[in-house]
Amino acid sequence: MSLTLYGYWRATAPYRVRIGLALKGLAYDYRAVNLAGGDQHAEDYRAVNAQALTPALGIGAGVFLNQSLAILEWLDETHPEPPLLPGDALGRARVRAIAGMIACDMHPLNNLRVLQELARRGQDEDARNAWARRWIEDGFKALEPMVAAEGRGWAYGDTPTLADCCLIPQVFSAGRFGVDMSAFPAIAAIAARAEGHPAFQAAHPSRQPDAV
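Quick note: the sequence shown uses the working numbering, first residue 90, plus one each step.
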């Protein structure tokens with residue numbers, strides 16, 4: 090099976106998928122979609138992802154998957170080792186809750202199209218950054234006690250999971266928007282651990298072919 094990932098170097102959602110692919114040890118072709126330049130609105134890319142968002146994952150035979158969490162769960166079902174979800178129902182629910190809090194409640198409020206809309210409504214860069222910080226900090230306040238209680242080196246348990254695929258890119262975004270991570274020591278410790286892990290290193294935005 091030949092995989093093709095469509096993404097943008099610093100976008101959070103494709104970053105999640107890069108982590109998952111690296112954890113699974115899967116090779117893939119990379120197609121850059123310059124979100125800042127508007128490539129996502131081109132007709133040929135809309136044929137890949139009608140939402141005009143990243144990521145998209147081509148899996149062969151003209152089939153494309155979208156939505157990062159759906160892609161990560163598909164990867165886990167088709168390439169089960171190492172697993173991205175725990176073996177027990179409670180553990181899977183905990184990991185999915187962390188992933189959902191980030192991907193559904195935090196990230197959408199600080200992604201590019203929302204920030205661009207704020208700019209169109211007259212908000213300057215400082216105001217837009219303050220907006221992003223507010224929602225990231227709000228989410229991290231809820232996540233901090235969860236990962237402190239149930240993480241043993243990672244967001245849940247002692248191995249990387251779907252939760253870490255979502256958490257580490259959100260920490261990267263937090264740095265972009267000036268979030269003070271000293272208020273979130275458990276999350277910061279996970280991010281520090283990820284810095285030394287080969288899969289997270291390979292997936293980092295600075296390592297991507299289209300990095301600026």
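Where a beta carbon is used, it is the ideal one built from N, C-alpha and C, also for glycine.
The structure presented is a predicted model; accordingly, all values stated were derived computationally and were not measured.
Item to check | Spatially closest choice to A186 from P144, G151, Y245, S157, by CA coordinates | outcome: Y245
Next on the checklist: Tell me which residues share the same chain as W168 and place their Cβ nearer than 7 Å to its Cβ, disregarding the 5 neighbours each side in the sequence.
Outcome noted: Residue identity differs from the one stated: residue 168 is His in this sequence, not Trp. Cβ neighbours of H168 beyond the five flanking positions: K113, L115.
Next on the checklist: The beta strand (DSSP E) that contains N155, what's its start and end?
Outcome noted: 152 to 155
Checklist entry - Does the distance from the CB of A111 to the CB of A288 come in under 8 Å? => result yes
Item to check | Per-residue burial, S271 [other beta carbons within 10 Å of its own, 16 or more giving buried] | outcome: exposed
Item to check | G149 to A238 span [Cα, whole Å] | outcome: 41 Å
Next on the checklist: Can you find the residues in the same chain that come closer than 8 Å, C-beta to C-beta, to Y127, ignoring five residues on each side of it along the sequence?
Outcome noted: What sits at residue 127 in the sequence shown is Gly, not Tyr. If we look at G127 and ignore the five residues flanking it on each side, it has no Cβ neighbours.
Checklist entry - What residue from L92, T143, W98 has the CA that sits closest to R202's CA? => result T143
Item to check | For Y95, the nearest candidate out of N218, L154, R265, V268 (CA to CA) | outcome: L154
Checklist entry - Can the beta-carbon of C254 be found less than 8 Å from the beta-carbon of G147? => result no
Item to check | Residues that A121 bridges to, as DSSP identifies them | outcome: G96
Checklist entry - What does DSSP give as the partner residues of A278 in its beta bridges? => result Answer is none; A278 lacks a bridge partner.
Next on the checklist: Please report the distance separating the alpha-carbon of E162 from that of P249.
Outcome noted: 14 Å
Item to check | From A141, M195, L232, residue whose alpha carbon lies closest to that of S262 | outcome: M195
Item to check | Rounded Cβ spacing between A275 and E233 (contact assumed at less than 8 Å) | outcome: 6 Å
Checklist entry - Any idea what DSSP makes of A145, helix, strand or coil? => result strand
Item to check | Simplified DSSP assignment, three categories, for G126 | outcome: coil
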